[in-house]
Amino acid sequence: MRVTPNGQYIVTSEGGSMPTIWNWSGQPIAKLKGYKVNFSLDSQFLATTEPDGQAYLWNISGKLLAELKGHKSGVLDVSFSPNSKQLVTAGKDGIARVWNFSGEQIAELKRHRGSVASVSFSPNSQLIATGGADGKIRLWDLSGQEQLELTGHRGTVLSIDFSPDNKSLITYGEDSLIRLWDVSGRQVTQLKNSKNTVRDVIFSPDNKYIATIEKDGIAQVWTFSGQILNSIKTQSDYINRVNFNQDGKTIDVLTNKNVQTWSLSGQLLNTENTNHQSPAQSNPQIGENLKVETEKDGTILINNSSGKNLLKLKDKIYDSIFNAILSPDGQHIAGIDQDRIVYIWELSSKILTVLKVSQLGYFSFSPDGQRIAIITKNGVVEIYDLLGRKLARWEVNPHPDYGVLARFSPDWRYVAIVGEDNKVVVWSVPQNLDELLERGCNWLSSYFANRPDERERLKICQDDE
Numbered sequence: 001m002r003v004t005p006n007g008q009y010i011v012t013s014e015g016g017s018m019p020t021i022w023n024w025s026g027q028p029i030a031k032l033k034g035y036k037v038n039f040s041l042d043s044q045f046l047a048t049t050e051p052d053g054q055a056y057l058w059n060i061s062g063k064l065l066a067e068l069k070g071h072k073s074g075v076l077d078v079s080f081s082p083n084s085k086q087l088v089t090a091g092k093d094g095i096a097r098v099w100n101f102s103g104e105q106i107a108e109l110k111r112h113r114g115s116v117a118s119v120s121f122s123p124n125s126q127l128i129a130t131g132g133a134d135g136k137i138r139l140w141d142l143s144g145q146e147q148l149e150l151t152g153h154r155g156t157v158l159s160i161d162f163s164p165d166n167k168s169l170i171t172y173g174e175d176s177l178i179r180l181w182d183v184s185g186r187q188v189t190q191l192k193n194s195k196n197t198v199r200d201v202i203f204s205p206d207n208k209y210i211a212t213i214e215k216d217g218i219a220q221v222w223t224f225s226g227q228i229l230n231s232i233k234t235q236s237d238y239i240n241r242v243n244f245n246q247d248g249k250t251i252d253v254l255t256n257k258n259v260q261t262w263s264l265s266g267q268l269l270n271t272e273n274t275n276h277q278s279p280a281q282s283n284p285q286i287g288e289n290l291k292v293e294t295e296k297d298g299t300i301l302i303n304n305s306s307g308k309n310l311l312k313l314k315d316k317i318y319d320s321i322f323n324a325i326l327s328p329d330g331q332h333i334a335g336i337d338q339d340r341i342v343y344i345w346e347l348s349s350k351i352l353t354v355l356k357v358s359q360l361g362y363f364s365f366s367p368d369g370q371r372i373a374i375i376t377k378n379g380v381v382e383i384y385d386l387l388g389r390k391l392a393r394w395e396v397n398p399h400p401d402y403g404v405l406a407r408f409s410p411d412w413r414y415v416a417i418v419g420e421d422n423k424v425v426v427w428s429v430p431q432n433l434d435e436l437l438e439r440g441c442n443w444l445s446s447y448f449a450n451r452p453d454e455r456e457r458l459k460i461c462q463d464d465e
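Position one of the sequence shown corresponds to residue 1 (the UniProt record's numbering), numbered consecutively onward.
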């Protein structure tokens with residue numbers, strides 16, 4: 001399961017083929033041709049590719065906008081321009097092709113010998129970088145004119161990306177070397193990687209750090225001078241994605257088992273059990289991960305990522321709290337202790353709710369901060385309001401490796417749940433207890449129609465009388 005960058009739609013596929021777009025009401029919007037899916041940054045468009053080199057451009061409603069015909073064999077990489085006006089495809093046939101959204105090829109980039117393995121648009125949408133099996137990196141303008149050739153790698157250039165300020169380029173090659181360049185062609189630094197194979201490289205938003213993903217569950221954080229700042233060992237076999245958070249101090253690592261949040265200094269701050277296909281990025285519906293510290297006198301301090309204290313807890317009943325999150329609206333904190341008790345506080349330290357949960361996997365706030373989802377390891381998903389009143393409960397069989405994934409829709413009215421069979425089920429969340437009672441009465445309407453005395457005895461569901 002993948003969610004579009006703006007969080008509005010879900011895309012699923014069975015066996016890696018025939019992607020389907022869903023809305024948060026659980027309605028399929030469209031079934032697409034192709035296999036690999038790539039989104040535009042504004043989430044309004046997506047491209048799918050076939051092994052034979054055929055590519056398709058769609059809008060988010062599932063309307064086919066164009067068939068991109070030209071490659072003689074498979075497409076290895078796709079990149080949308082950030083302004084959503086062009087896209088570029090990298091082919092095994094040794095050509096990168098630039099297309100407009102009408103499906104017209106507007107440029108052909110073909111100086112590489114062998115496959116074009118990686119491709120990337122610059123953030124300002126003015127340049128395209130290609131990496132080839134010939135070990136060369138080439139910069140092009142949108143008309144297809146080559147602006148620069150960078151040499152240094154031995155073997156295929158597997159990954160390529162621009163820095164957010166358009167001034168630097170980072171590449172990773174089959175030679176296990178990571179190279180940082182400025183766009184004038186000067187190599188700024190070379191990261192001397194270990195023997196592990198690097199699968200991807202990512203810039204931090206402030207251009208101060210670089211993260212590399214290695215094949216054995218290790219992520220490395222580097223400075224621009226080429227020094228290793230930290231080596232993150234996730235205790236997992238595989239890392240899917242790394243994402244620098246906007247605070248500039250923490251990094252999310254999505255493994256095949258969970259999402260781990262680390263400080264850049266190497267401290268594990270939080271682990272969230274989740275499905276391996278969910279995106280590893282800051283999720284506004286979960287809330288900000290907080291740091292829990294204990295002072296010498298036993299006081300529990302809950303601080304944000306900048307070190308600002310949000311909550312002080314002096315009562316000894318809180319001394320085993322080890323994890324906490326801040327609601328997206330910044331008004332409440334939820335914490336969990338070693339006995340798997342979930343607490344919800346106002347920032348004034350007033351306790352609102354205490355929930356005892358068996359086999360807790362993880363918990364998350366709704367995007368509006370007014371509800372909390374409790375997800376257990378045995379497949380129970382429960383939704384509570386901030387006063388601890390249960391609004392909904394569902395049970396699914398958890399995946400043996402990844403447990404249960406549950407995500408609120410951006411308007412919090414729906415929850416998408418994925419379990420053992422990898423199918424996405426979308427449920428409507430009652431807004432309040434009155435709506436929950438109304439649902440129950442609707443469900444019992446036939447029962448009460450034949451047993452009016454029972455309805456009178458119970459004194460419920462009598463508004464329609």
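Where a beta carbon is used, it is the ideal one built from N, C-alpha and C, also for glycine.
*Taking Cβ to Cβ, would you say residue 367 is nearer than 8 Å to residue 427?*
no
*Helix, strand or coil: which one does DSSP assign to residue 312?*
strand
*Return helix, strand or coil for residue 317, following the three-state DSSP convention.*
helix
*Can you tell which of 238, 211 and 326 has the C-alpha that lies nearest to the C-alpha of residue 226?*
211
*Span of the beta strand (DSSP E) holding residue 346?*
341-346
_Buried/exposed call for residue 331, threshold 16 Cβ in 10 Å_ = exposed
_Checking 8 Å against the spacing of the C-beta atoms, do residue 352 and residue 387 come in under that value?_
yes
*May I ask you to report which of helix, strand or coil DSSP gives residue 117?*
strand
*Does the distance from the C-beta atom of residue 126 to that of residue 148 stay below 8 Å?*
no
*asked:* Under DSSP, the beta strand (DSSP E) around residue 51 begins and ends at which residues?
replied: Segment: none, residue 51 is in no beta strand (DSSP E) and carries neither H nor E.
_If you follow the beta strand (DSSP E) that residue 262 is in, where does it begin and where does it stop?_
258-263
_Own chain, CB closer than 6 Å to residue 6, minus 5 neighbours either side, in chain order_ = 43
*Pick out whichever of 337, 394 and 409 has its Cα sitting closest to the Cα of residue 369.*
409
*residue 110: which of 103, 102, 137 and 85 sits nearest, CA to CA?*
137
*Is DSSP giving residue 60 helix, strand or coil here?*
coil
_Given a cut-off of 8 Å on the beta-carbon distance, is the pair residue 77 and residue 90 in contact?_
yes
*Buried or exposed: residue 317, going by 16 or more other Cβ atoms within 10 Å of its Cβ?*
exposed
*Have a look at residue 18 and residue 80 and give me their C-alpha separation to the nearest angstrom.*
21 Å
*So residue 304 is in the beta strand (DSSP E); what residue range does that whole segment cover?*
Run containing residue 304: none; DSSP gives neither H nor E here.
*Could you check the C-alpha separation between residue 327 and residue 255 for me, to the nearest Å?*
24 Å
*Based on the DSSP output, what are the partners of residue 28 in its beta bridges?*
22
*Report buried or exposed for residue 132, applying the criterion of at least 16 other Cβ atoms within 10 angstroms of its Cβ.*
buried
_Nearest residue (CA-CA) to residue 399, options 389, 420, 392 and 406_ = 420
*How far does the beta strand (DSSP E) with residue 466 in it reach, from first residue to last?*
The requested residue 466 does not occur in the structure, where the chain is confined to residues 1 to 465.
*Relative to the alpha-carbon of residue 312, which residue among 362, 299 and 320 has its alpha-carbon at the smallest distance?*
299
*Mapping DSSP to helix, strand and coil, what is residue 179?*
strand
*asked:* Could you compute how far the alpha carbon of residue 55 sits from the alpha carbon of residue 29?
replied: 20 Å
*Taking all protein chains shown into account, decide if residue 184 is buried (16 or more other Cβ within 10 angstroms of its Cβ) or exposed.*
exposed
*Within 8 Å, strictly: CB atoms of residue 383 and residue 342*: no
_Bounding residues of the beta strand (DSSP E) (the contiguous stretch that carries residue 133)_ = That residue, residue 133, is in no beta strand (DSSP E); it is neither H nor E in DSSP.
*Report yes if the CB atom of residue 243 is closer than 8 Å to the CB atom of residue 237, and no otherwise.*
no
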